[in-house]
Amino acid sequence: MEEKVDSNLSGLLKPKSIAIIGASATPGKIGNTVIKNLIDSGYKGDVYPVNPKETEILGYECYESILDVPGPVDAAVITVPAKFSIDVTKECGEKGVKGLIVITSGYSEVGRADLEEEMVRISQETGMRVLGPNIVGTLSNSDNMNASFAPFLPLPGKASLVSQSGALLIAMDAATYTRRVGFDKMISIGNMSDVNFSDMIKFLNEDPDTTCISLYIEGLKDGPSFLQEAKKATKPIVVLKSGVSAHGAAAAASHTGSLAGAAKIYSAAFQQAGVSQASDLDDLFDRTLVLSLEPPMKGDNLLVLTNGGGVGVLATDSAEAAGIPMRFAPEDVQTELKKHMPEFGSAKNPVDMTGMAGKDWYYKTTKFSFAHPWVDGLVLLYCETAMTDPQEIAEGIFNAISETGIKDKPVTVSFVGGEKCDKAMAWLVENGIPAYGAPDLAVKAMSTLRQYDRMKSLNDTSAFVPSNIDVRKARKIIDNARSKGRLALTEVEAKKVFDAYGLPITPTELAKTEDEAVTLANQIGYPLVMKIVSPDILHKSDAGGVKVNIKNETMVREAFKTILDNAKSYKADALIEGIAVQEMAPWATEVIVGSVKDATFGPTIMFGLGGIFVEVLKDVTFRVAPISLPEAKLMQDEIRSAAILGGVRGEAPRDKAALAEVLARYAYMIHDLKDEIAESDANPVIVYEEGQGVKVVDARIILTKK
Ligand code: ACO
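For the sequence shown, position 146 matches number 146 in the numbering used here, and the numbering has no gaps at all.
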């Protein structure tokens, strides 16, 4: 069966022939609208209406069944009610249709997942792909095809949109004209019974008419494969994710669980995969425009040219907020630019040519700056004046940029003014230069290109794979706990699992008797910590079950007795496995590393500074496991309290390299044991001065239910 399936989706999304099953002669019905839309959009392929009651619809011969259609059929648009869809699917399979575009609603979204599953099952048996159900259809400018009930094709452009919401797709379709952001394809993906977002990324990444993949996502069904395809994609992907809630987080028992949440994990996953995340619909359009027209910004040197000081300052503020430093242009750049401005202009950065700047100055400064090797990205700002014509300035800019022939450096533009500015900007966009109505938006667009480049370069680094790990040892400990009916490992067991993955734990052993405790203490060395080990006592300190700073044998014996007495009076029937004897690590900077299993993406790693930073400030960051070493370093840099690891108030910097390895190893472990570990924490982890390493002081592992 496998080879029959249309894996490149071209039959479904670029069909040469389309049947409409449930075609209708009644204007206003969806089965009529789709045919009318195909005609209006200038579709050049064969169109076959199917309806047993009609002989002709909108000038096309109508067939009683798809089996009566004379020629081959690539795609069948289904517009019959859901209850007929199984029979119709069988007939399409028999006909050898390549893909179904199922507009019909009434499936999993209303509790009828069974209907949808049956449709996919039959389709897979007969080699068909299924788009939907519960969709608007699919539109493509380059194929002159509106196979949907959206009113018209979008403003032509180089981006393509995939939307989980049909209504939003229709709204965005119309908005492409007012927003001046062009799209080639708009594809409604609905219930994603078969074709999902990762299929779409793969298809659009290979589509010659698409330069930017724009997604509206409510919830992914295919988290790991989405990540994989997005990482592989060579075209930029921008996403608007809605419907983020704390699902799953509330149910999680561990510290990490309460700090996680769908929204944070989605954002982390997008960042890891190099996906640009929009904050709202406006932002989705803005990012799509720049990512569809411009290359990434490959360095931090941004040059801003303007005829107005005010917009220059606004641009500067926006650049700094976006993490792009506004550096002064080098001497040679300033010297050249000074030739195209009056005495009182400024050639630093932002470069203020003053209100006297006309077409000629814009042309010359743009051409020189864009070609200068120091400049990584150019933002051109213009304020409408009585002496200059916006259209002339736009043409000057366009000529300057095209004459350089440079294709691997980005430019964005903002004209601030009235109707003339709007028209000039529309002209610029039509000619492939992204233009925005406000200076901060032009800078923000540039920062999208910078962020995209940064994410993609990290994205090229492969996940860390540790050597010298002992998976069998880890699994043995886990199996042993399971055989005793426990899902929570004891601290001693959890540390041994960590140790099997090369994590630097403080040596910890279980003593069943006082004498054993003394022997172990002498082996480990002083000072020591002793802790109760009982599946019935989770909050060890509350039970008086922890003694620290034990310096000799006498203290070991004393602690052993006291801890046991305390535990018994705390919970008389508690099952006591023994007392953990462990090295007491000297204190330094405390951090927390943890993991939860996310419903969409699988195992995720969390990192943050410990103590108050976690409890009060919730200053933590997430990634989907596994991660690379550069990602592990970035995690340390992106928390708000990152400076503390760099060394504050005269303290020496902490060992960030050793910490990065711990994070990467930890992520490897939770990914490797993803079927076994539901949640885990290394808390606290102590980070010492540079070169002196890291120690995992406490460990927790909760196993998955099987
Ligand atoms: N083969 C061919 N034609 C058939 C068959 C069959 N086996 N069975 C029925 N038909 C014909 C019907 O006779 C009818 O034609 P007619 O107009 O000549 O009578 C036509 O198919 C359509 O069937 P109806 O019963 O009239 O159904 P109707 O057109 O009212 O609704 C529809 C069908 C549109 C698929 C509906 O069930 C539905 O799902 N609507 C929601 C669609 C939707 O909104 N999807 C997008 C969601 S996203 C968003 O919200 C924007």
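Virtual Cβ for every residue (Gly too), placed ideally from N, Cα, C.
- Message: As an exercise, report each continuous beta strand (DSSP E) stretch of at least 3 residues that is fully enclosed by the segment 383-435, in chain order.
- Response: 411-416
- Task: Give me the Cα-Cα distance between GLY712 and THR89, rounded to the nearest whole angstrom.
- Result: Since the first residue of the chain shown is 1 and the last is 706, residue 712 is not available in this structure.
- Burial state of SER402 (16 or more Cβ within 10 Å): Residue mapping note: residue 402 aligns to position 402 of the sequence shown, counting from 1. Classification for SER402: exposed.
- Within the segment 593-622, ranges of the alpha helix (DSSP H) (whole runs, at least 4 residues): 612-615
- Continuous beta strand (DSSP E) stretch holding GLN277: start and end: Stepping through the sequence shown from its first residue, residue 277 is reached at position 277. First-last of the beta strand (DSSP E) with GLN277: 275-278.
- Task: Tell me whether GLU54 counts as near the ligand ACO, meaning its Cβ is closer than 8 Å to at least one heavy atom of that ligand.
- Result: Reading the sequence shown from its first residue, position 54 is the one you call residue 54. Yes, the ligand ACO has a heavy atom inside 8 Å of this Cβ.
- How about GLU509 and VAL581: are their beta carbons less than 9 Å apart? In the sequence shown, counting from the first residue as 1, residue 509 sits at position 509. In the sequence shown, counting from the first residue as 1, residue 581 sits at position 581. Against a cut-off of 9 Å, the Cβ pair of VAL581 and GLU509 comes out as a contact.
- Message: Can you look up ALA667 in the DSSP assignment and give me helix, strand or coil?
- Response: Here residue 667 refers to the residue found at position 667 when the sequence shown is read from its first residue. If DSSP states are grouped into helix, strand and coil, ALA667 belongs with the helices.
- Task: Go ahead and pull the three-state DSSP assignment for GLN272.
- Result: Here residue 272 refers to the residue found at position 272 when the sequence shown is read from its first residue. If DSSP states are grouped into helix, strand and coil, GLN272 belongs with the helices.
- Message: Could you give the first and the last residue of the continuous alpha helix (DSSP H) run that contains VAL195?
- Response: To locate residue 195, count along the sequence shown from 1; it is residue 195. VAL195 -> no alpha helix (DSSP H), and no H or E assigned at all.
- Query: Roughly how many whole angstroms lie between the Cα atoms of ILE478 and TRP587?
  - Reply: As a position in the sequence shown, residue 478 is number 478, starting the count at 1. As a position in the sequence shown, residue 587 is number 587, starting the count at 1. Distance between the alpha carbons of ILE478 and TRP587 is about 30 Å.
- Message: Could you compute how far the alpha carbon of THR176 sits from the alpha carbon of LEU155?
- Response: Translated into the one-based positions of the sequence shown, residue 176 becomes position 176. Translated into the one-based positions of the sequence shown, residue 155 becomes position 155. Going from the Cα of THR176 to the Cα of LEU155 covers about 6 Å.
- Given a threshold of 16 other Cβ atoms within 10 Å of its Cβ, counted over all protein chains shown, does THR55 qualify as buried or as exposed? For the purposes of this step, residue 55 is identified with residue 55 of the sequence shown, where counting begins at 1. Burial call: exposed.
- Task: Run the proximity test for ASN146: is its beta-carbon closer than 8 Å to any non-hydrogen atom belonging to the ligand ACO?
- Result: As a working mapping, residue 146 is identified with position 146 in the sequence shown. Not so, every heavy atom of the ligand ACO lies at least 8 Å from the Cβ.
- Item | Entirely enclosed beta strand (DSSP E) segments - the segment 483-543, minimum 3 residues | 508-511 and 528-533
- Query: Is it right to say ALA426 is buried, meaning 16 or more other beta carbons lie within 10 angstroms of its own, or is it exposed?
  - Reply: The residue you call residue 426 lines up with position 426 of the sequence shown. Result: exposed.
- Message: Here's the rule I'm using: 16 or more other beta-carbon atoms within 10 Å means buried, otherwise exposed. How should ASP453 be labelled?
- Response: Here the question's residue 453 lines up with position 453 in the sequence shown. Classification for ASP453: buried.
- Item | Rounded straight-line distance, which links the Cα of SER680 to that of ASP698 | On the sequence shown, position 698 is the one that residue 698 refers to. On the sequence shown, position 680 is the one that residue 680 refers to. Separation of ASP698 and SER680 (C-alpha to C-alpha, rounded to the nearest whole angstrom) is 11 Å.
- May I ask you to check if the CB of LYS29 is nearer than 8 Å to at least one heavy atom of the ligand ACO? Mapped onto the sequence shown, residue 29 falls at position 29. LYS29: yes, Cβ under 8 Å from the ligand ACO.
- Query: ILE86 and GLU64: beta carbons closer than 9 Å?
  - Reply: Indexing the sequence shown from 1 puts residue 86 at position 86. Indexing the sequence shown from 1 puts residue 64 at position 64. Result no, Cβ atoms of ILE86 and GLU64 do not sit closer than 9 Å.
- Please find out if some non-hydrogen atom of the ligand ACO comes closer than 8 Å to the beta-carbon of ASP87. By one-based count along the sequence shown, residue 87 stands at place 87. True, at least one ligand heavy atom lies under 8 Å from that Cβ.
- Item | Through-space distance from LYS706 to ALA667, alpha-carbon basis | Position 667 of the sequence shown, counting from 1, holds the residue named residue 667. Position 706 of the sequence shown, counting from 1, holds the residue named residue 706. So the alpha carbons of these two residues sit roughly 22 Å apart.
- Message: Does ILE39 pass the burial test, meaning 16 or more other C-beta atoms within 10 Å, or should it be called exposed?
- Response: Along the sequence shown, read from residue 1 onward, the residue named residue 39 stands at position 39. So ILE39 ends up on the exposed side.
- Item | Residue nearest to ASN205 in terms of C-alpha spacing, selected from ALA233, GLY190 and LYS547 | Indexing the sequence shown from 1 puts residue 205 at position 205. Looking at the Cα atoms, ALA233 is the closest of the given residues.
- Message: Let's see if you can read the secondary structure: which residues bound the alpha helix (DSSP H) around CYS212?
- Response: Position 212 of the sequence shown, counting from 1, holds the residue named residue 212. Here CYS212 belongs to no alpha helix (DSSP H); instead the beta strand (DSSP E) covers 212-217.
- Message: The alpha helix (DSSP H) that contains LEU673, what's its start and end?
- Response: For the purposes of this step, residue 673 is identified with residue 673 of the sequence shown, where counting begins at 1. Per DSSP, LEU673 lies in no alpha helix (DSSP H) segment and is marked neither H nor E.
- Task: Tell me whether GLU56 sits in a helix, a strand or coil according to DSSP, three-state version.
- Result: For the purposes of this step, residue 56 is taken as residue 56 along the sequence shown, with counting starting at 1. Collapsing the DSSP output to three states places GLU56 in a strand.
- Task: Can you have a look at LEU703 and say buried or exposed, based on whether 16 or more other CB atoms are within 10 angstroms of its CB?
- Result: Taking the sequence shown and counting its residues from 1, the one referred to as residue 703 is at position 703. Buried, by the Cβ-count rule.
- Item | Beta-carbon proximity check, ALA488 vs PRO535, cutoff 9 Å | Looking up residue 488 in the sequence shown gives position 488. Looking up residue 535 in the sequence shown gives position 535. Here ALA488 is near PRO535, since their CB atoms are less than 9 Å apart.
- Item | Cβ-heavy atom distance, ALA386 to the ligand ACO, below 8 Å | Taking the first residue of the sequence shown as 1, we reach residue 386 at position 386. Checking the Cβ of ALA386 against the ligand ACO gives no.
- Query: If we ignore side chains and look at the alpha-carbon of each, how far apart do SER163 and THR506 end up?
  - Reply: By 1-based counting over the sequence shown, the position of residue 163 is 163. By 1-based counting over the sequence shown, the position of residue 506 is 506. Distance between SER163 and THR506, taken at the CA atoms: about 50 Å.
- Excluding the five sequence neighbours on either side, which residues of its own chain have a C-beta within less than 6 Å of the C-beta of GLU690, listed in chain order? Residue numbering aside, residue 690 sits at position 690 when the sequence shown is read from its first letter. By the criterion of a C-beta distance shorter than 6 Å, GLU690 is surrounded in its chain by PRO653 and ASP655, once the five residues flanking it on both sides are discounted.
- Message: Once DSSP output is grouped into helix, strand and coil, what is the label at MET128?
- Response: Residue 128 sits at position 128 when you count from the first residue of the sequence shown. Note: MET128 maps to coil in three-state DSSP.
- Message: At the level of alpha carbons, what is the spacing between TYR362 and ILE21?
- Response: Counted from its first residue, the sequence shown places residue 362 at position 362. Counted from its first residue, the sequence shown places residue 21 at position 21. Each residue's alpha carbon lies about 57 Å from the other.
- Is the Cβ-Cβ distance between SER17 and ASP68 less than 9 Å? Locating residue 17 in the sequence shown gives position 17, where the first residue counts as 1. Locating residue 68 in the sequence shown gives position 68, where the first residue counts as 1. In this structure, ASP68 does not lie closer than 9 Å to SER17 by Cβ.
- Query: Helix, strand or coil for GLU651 per DSSP?
  - Reply: As a first step, residue 651 is located in the sequence shown; it is residue number 651 there, counting from the start. Looking at GLU651 - three-state DSSP - the assignment turns out to be coil, as it is neither helix nor strand.
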